[in-house]
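One structure below.
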Amino acid sequence: MTQLQEYFENNKGFGVLATADSSGKVDAAVYSRPHFLEEGTLAFIMRDRLTHHNLQSNSSATFLFVEEGTSYKGKRLFLTKTREENNPELVQKLKRRTSGDSDELSFLVYFTVDKELPLIGGE
Numbered sequence: 230m231t232q233l234q235e236y237f238e239n240n241k242g243f244g245v246l247a248t249a250d251s252s253g254k255v256d257a258a259v260y261s262r263p264h265f266l267e268e269g270t271l272a273f274i275m276r277d278r279l280t281h282h283n284l285q286s287n288s289s290a291t292f293l294f295v296e297e298g299t300s301y302k303g304k305r306l307f308l309t310k311t312r313e314e315n316n317p318e319l320v321q322k323l324k325r326r327t328s329g330d331s332d333e334l335s336f337l338v339y340f341t342v343d344k345e346l347p348l349i350g351g352e
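Numbering (our numbering), first residue to last: 230 to 352.
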């Protein structure tokens with residue numbers, strides 16, 4: 230298990246995934262913690278909405294995670310999309326919660342982590 234995977238398994242909080250389309254128009258959406266599937270690869274379950282659409286033309290994204298609590302602790306992950314798949318069985322297996330389930334098309338979108346910084350500060 231990587232240190233990053235261990236971090237997300239041991240910390241609660243909320244995350245925001247930011248993407249931009251090919252012309253640079255930015256979007257940000259609330260996302261749960263990433264799924265760690267292979268060494269150096271993480272994935273998010275996405276419905277076919279704006280974030281997923283942006284990643285079709287611009288593979289860069291940033292995930293900002295804020296830990297629960299009163300101080301500003303967390304992580305910023307700079308990501309590059311490597312691939313995606315429409316695998317309903319795997320998506321169902323990876324889901325952490327069942328409330329709000331729908332028949333809406335979902336994708337498992339894979340990323341590599343290009344850079345990791347603390348929530349505040351860094352390079």
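For glycine and all other residues, C-beta sits at the position ideal for the given N, C-alpha and C.
- From this set, Ser251, Val295, Glu235 and Glu268, which residue's C-alpha is nearest glycine 244's C-alpha? As a working mapping, residue 244 is identified with position 15 in the sequence shown. When each option's Cα is compared against that of glycine 244, the closest is Val295.
- Could you tell me the distance, in whole angstroms, from the CA atom of phenylalanine 292 to the CA atom of threonine 341? Along the sequence shown, read from residue 1 onward, the residue named residue 292 stands at position 63. Along the sequence shown, read from residue 1 onward, the residue named residue 341 stands at position 112. The straight-line gap from Cα to Cα measures roughly 12 angstroms.
- Item | Burial state of valine 259, where buried means 16 or more other Cβ atoms lie within 10 Å | Counted from its first residue, the sequence shown places residue 259 at position 30. Under this definition valine 259 is an exposed residue.
- Range of the contiguous alpha helix (DSSP H) that encloses serine 286: Numbered from 1 along the sequence shown, position 57 holds the residue referred to as residue 286. That run of the alpha helix (DSSP H) goes 279 to 286.
- Item | Own chain partners of glutamine 234 with C-beta closer than 6 angstroms, once the 5 adjacent residues on each side are dropped | Your numbering for residue 234 matches position 5 in the sequence shown. Closer than 6 angstroms at Cβ, skipping near neighbours: Phe265.
- Kindly indicate the opening and closing residues of the beta strand (DSSP E) around leucine 233. Locating residue 233 in the sequence shown gives position 4, counting from the first residue. Unbroken run through leucine 233 is the alpha helix (DSSP H), 232 to 239; no beta strand (DSSP E).
- Message: Which residue wins for smallest C-alpha separation from asparagine 287, given the options Gly303, Thr299, Leu348 and Ala247?
- Response: In the sequence shown, counting from the first residue as 1, residue 287 sits at position 58. Residue Ala247 is the option with its Cα nearest to asparagine 287.
- Roughly how many angstroms separate the alpha carbons of lysine 324 and tyrosine 339, rounded to a whole number? In the sequence shown, counting from the first residue as 1, residue 324 sits at position 95. In the sequence shown, counting from the first residue as 1, residue 339 sits at position 110. Distance between the alpha carbons of lysine 324 and tyrosine 339 is about 15 angstroms.
- Using DSSP bridges, identify the partner residues of lysine 344. On the sequence shown, residue 344 is found 115 positions in, with the first residue counted as 1. Lysine 344 is bridged to Phe307.
- Task: Could you pull the start and end residues of the beta strand (DSSP E) that glutamate 318 belongs to?
- Result: The sequence position of residue 318 within the sequence shown is 89, counting from 1. No beta strand (DSSP E) contains glutamate 318, which is instead part of the alpha helix (DSSP H) from 317 to 323.
- For asparagine 239, the nearest candidate out of Gly350, Glu297 and Lys322 (CA to CA): Counting from one through the sequence shown, the residue named residue 239 turns up at place 10. Ranked by Cα distance from asparagine 239, the first of Gly350, Glu297 and Lys322 is Glu297.
- Contacting residues, own chain, Cβ-Cβ under 7 angstroms from isoleucine 349 (five flanking each side not counted): Counting from 1 along the sequence shown, the entry for residue 349 is found at position 120. Cβ within range, chain order: Tyr301.
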